[in-house]
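S.K.: So the sequence shown is numbered by this note's numbering: it starts at -11 and just counts up by one.
What follows is a single structure, and I will ask about it in a moment.
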Amino acid sequence: MEFFTREICVCAHLTQTRDAQRACAEMESSMREEIKKKIEDAEVILVGLGEDFNNTRVLHQDERYLSGKNLLMEAGYHWLVPMWAEYCSSRDGDEQLRQALDKLEKLLEGKNYFIVSVSTQPEIMKKAWKNGNCVMPCGGSWQKQCVMGCEGQIMETTAEDMEKLKAAFEQLWEGKFPEDGIPELGTCKKCGRSMVLNNIYAESYDESGYQEKWKQYTKWLQGTINRRLLILELGVSLQFPTVIRWPFEKVAFYNQKAFLYRVNEKLYQMTKELSDRGTGIEKNAIDWINEL
């Protein structure tokens, strides 16, 4: 009799588990439809792309990336870490990242939107965003600057520069610092010092590389006042909170027609002031977009 009672309890537990899973799936499906409806109804959409779009989930499990990053930082090449991340991401597999960006582009098709990204992933910059409405204030690998930050010395990174760096990365991938060191990217025409990649990890980061796009963004933002604004904050950490996280909260707070979705595996919580006009979603942002 005790055996049958135990079996009945197990069956009941399995039934409850299946019911809970079914209810969870239905809830997620309902939320996906709700989000799509909000995208459709929104007059303007503000998108923030965070560190999830550096493919951090994959990279943080890659010992070769972590080892190479440490070697570069120990040697003082902090400015090269973003491109090293790009290289490792492409070797590890960045299909889900590319798929998410394609899906985001499709979701925003026909809408009035702007994208702000603290990611340094060049795949974001390469997308054909409407009116070029994308700013990446942390920079990346597509421009270079004077190591001393000399004014007016930002220029495009050449194909030759990229090939030389990738050749060095081949050795780094094998766990050793390049025998001939890190290749030169040219010299500054003003001071004669070396050029480095133009990103926030450069010791004297020249922020003029993104300023025109930032002006374009602030002008666009002024046009969102008192309009139905949907804010998508995707995979944003607290590493650079003054770029996306805090400003987005401020925009949502003052625009009473705004609604904020905050998608993050850990930092998805909403502020008390936005609890009725925002939703936190505990999920990796790349997965979330791909599942919409």
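Ideal Cβ placement from N, Cα and C applies to all residues, glycine included.
1. Per DSSP, T33 forms a beta bridge with which residues?
2. How far does the beta strand (DSSP E) with Q131 in it reach, from first residue to last?
3. Go ahead and pull the three-state DSSP assignment for Y193.
4. Of the choices Q131, Q204, Q84, whose alpha-carbon is the least far from that of R67?
5. Taking just the CA atoms, how far does L173 sit from T267?
6. If you reduce the DSSP assignment to three classes, tell me which class M183 lands in.
7. Verify whether the separation of the beta carbon atoms of V106 and G38 is less than 8 Å.
8. So the candidates are F241, A116, V104; which of them puts its Cα closest to the Cα of G127?
9. DSSP on A63, reduced to helix/strand/coil?
10. Look up L255 in the DSSP assignment and say whether it is helix, strand or coil.
11. For G137, which residues from the same chain have a beta carbon less than 6 Å from its beta carbon, with the 5 sequence-adjacent residues on both sides left out?
12. With DSSP as the reference, label V239 as helix, strand or coil.
13. Counting C-beta neighbours from all protein chains within 10 Å, is the total for E14 16 or more, i.e. buried, or is it exposed?
14. For S55, which of A240, K178, L160 has the nearest alpha-carbon?
15. Grab me the residues of V69's own chain with a C-beta within less than 8 Å of its C-beta, minus the 5 sequence neighbours each way, in chain order.
16. From K177 to Q141, what distance separates their C-alpha atoms?
17. Taking D29 as the reference, give the member of I269, A246, E261 with the closest Cα.
18. In this structure, how does DSSP classify F162 when only helix, strand and coil are distinguished?
19. Go through its chain and collect everything with a Cβ distance to M71's Cβ below 7 Å, but skip five positions before and after it.
20. Does DSSP put I277 in a helix, a strand or coil?
21. In the DSSP assignment, what are the bridge partners of A147?
22. Taking its Cβ as the centre, do 16 or more other Cβ atoms sit within 10 Å of N214, making it buried, or is it exposed?
23. For the alpha helix (DSSP H) holding T212, just list the boundary residues, first then last.
24. Alpha helix (DSSP H) containing T44: first to last residue?
25. What separation, rounded to the nearest whole angstrom, lies between the Cα atoms of I27 and L218?
26. In the DSSP assignment, find the beta strand (DSSP E) that holds I269 and state where it starts and stops.
27. Have a look at R250, D275, K254, K271 and flag the residue whose alpha-carbon is nearest the alpha-carbon of S263.
28. Do I232 and A88 have their CB atoms nearer than 8 Å?
M.R.: Looking at the atomic coordinates:
1. Position 45 of the sequence shown, counted from the first residue, corresponds to residue 33. In the sequence under discussion, the amino acid at residue 33 is Ile, which differs from the Thr named in the question. For I33, which the question treats as bridged, DSSP gives the partners Y101, L218.
2. Here residue 131 corresponds to residue number 143 of the sequence shown, with the count starting at 1. Looking at the DSSP string, the run of the beta strand (DSSP E) that includes Q131 is 127 to 134.
3. The residue labelled residue 193 in the question sits at position 205 within the sequence shown. Here Y193 sits in coil by DSSP.
4. To locate residue 67, count along the sequence shown from 1; it is residue 79. Per the sequence shown, the amino acid found at residue 67 is Trp instead of Arg. The option with the nearest alpha carbon to W67 is Q131.
5. In the sequence shown, the residue the question calls residue 267 occupies position 279. In the sequence shown, the residue the question calls residue 173 occupies position 185. Using only the alpha carbons, I get a separation of about 45 Å.
6. For the purposes of this step, residue 183 is identified with residue 195 of the sequence shown, where counting begins at 1. The answer is strand: DSSP assigns M183 an E or B state.
7. As a working note, residue 106 is residue 118 in the sequence shown. As a working note, residue 38 is residue 50 in the sequence shown. Taking 8 Å as the Cβ cut-off, V106 and G38 qualify as a contacting pair.
8. Counted from its first residue, the sequence shown places residue 127 at position 139. Comparing Cα positions, the closest option is V104.
9. Taking the sequence shown and counting its residues from 1, one reaches residue 63 at position 75. If DSSP states are grouped into helix, strand and coil, A63 belongs with coil.
10. Locating residue 255 in the sequence shown gives position 267, counting from the first residue. Reduced to three states, the DSSP call for L255 is coil.
11. Numbered from its first residue, the sequence shown carries residue 137 at position 149. Here the set comprises S192, D194.
12. For the purposes of this step, residue 239 is taken as residue 251 along the sequence shown, with counting starting at 1. Looking at V239 - three-state DSSP - the assignment turns out to be helix.
13. Residue 14 sits at position 26 when you count from the first residue of the sequence shown. So E14 counts as exposed.
14. Here residue 55 corresponds to residue number 67 of the sequence shown, with the count starting at 1. It is L160 whose Cα lies nearest to the Cα of S55.
15. Walking along the sequence shown from the start, residue 69 turns up at place 81. Answer for V69: K57, L60, M61, Y189, listed in chain order.
16. For the purposes of this step, residue 177 is taken as the residue at position 189 of the sequence shown. For the purposes of this step, residue 141 is taken as the residue at position 153 of the sequence shown. K177 and Q141: Cα-Cα distance of roughly 7 Å.
17. The residue labelled residue 29 in the question sits at position 41 within the sequence shown. Checked all of I269, A246, E261; the closest Cα to D29 is A246.
18. By one-based count along the sequence shown, residue 162 stands at place 174. Note that residue 162 is Glu in the sequence shown here, rather than Phe. In the structure shown, E162 sits in coil (DSSP, three-state: anything other than H, G, I, E or B).
19. To locate residue 71, count along the sequence shown from 1; it is residue 83. So the list reads S129, L153, L185, once near-sequence residues are dropped.
20. Along the sequence shown, one-based indexing puts residue 277 at 289. Looking at I277 - three-state DSSP - the assignment turns out to be helix.
21. The residue labelled residue 147 in the question sits at position 159 within the sequence shown. Paired residues: none, contrary to the question.
22. For this step, residue 214 is matched to residue 226 along the sequence shown. By the 10 Å Cβ count, N214 comes out exposed.
23. Position 224 of the sequence shown, counted from the first residue, corresponds to residue 212. Where T212 is concerned, there is no enclosing alpha helix (DSSP H), given that its DSSP letter is neither H nor E.
24. In the sequence shown, residue 44 corresponds to position 56, counting from 1. Its alpha helix (DSSP H) spans residues 44 to 47.
25. Numbered from its first residue, the sequence shown carries residue 27 at position 39. Numbered from its first residue, the sequence shown carries residue 218 at position 230. Going by the C-alpha atoms only, they are around 7 Å apart.
26. Numbered from its first residue, the sequence shown carries residue 269 at position 281. I269 -> beta strand (DSSP E) spans 266 to 269.
27. Locating residue 263 in the sequence shown gives position 275, counting from the first residue. The residue with the shortest Cα to Cα distance from S263 is R250.
28. Numbered from its first residue, the sequence shown carries residue 232 at position 244. Numbered from its first residue, the sequence shown carries residue 88 at position 100. Going by C-beta atoms, I232 is not nearer than 8 Å to A88.
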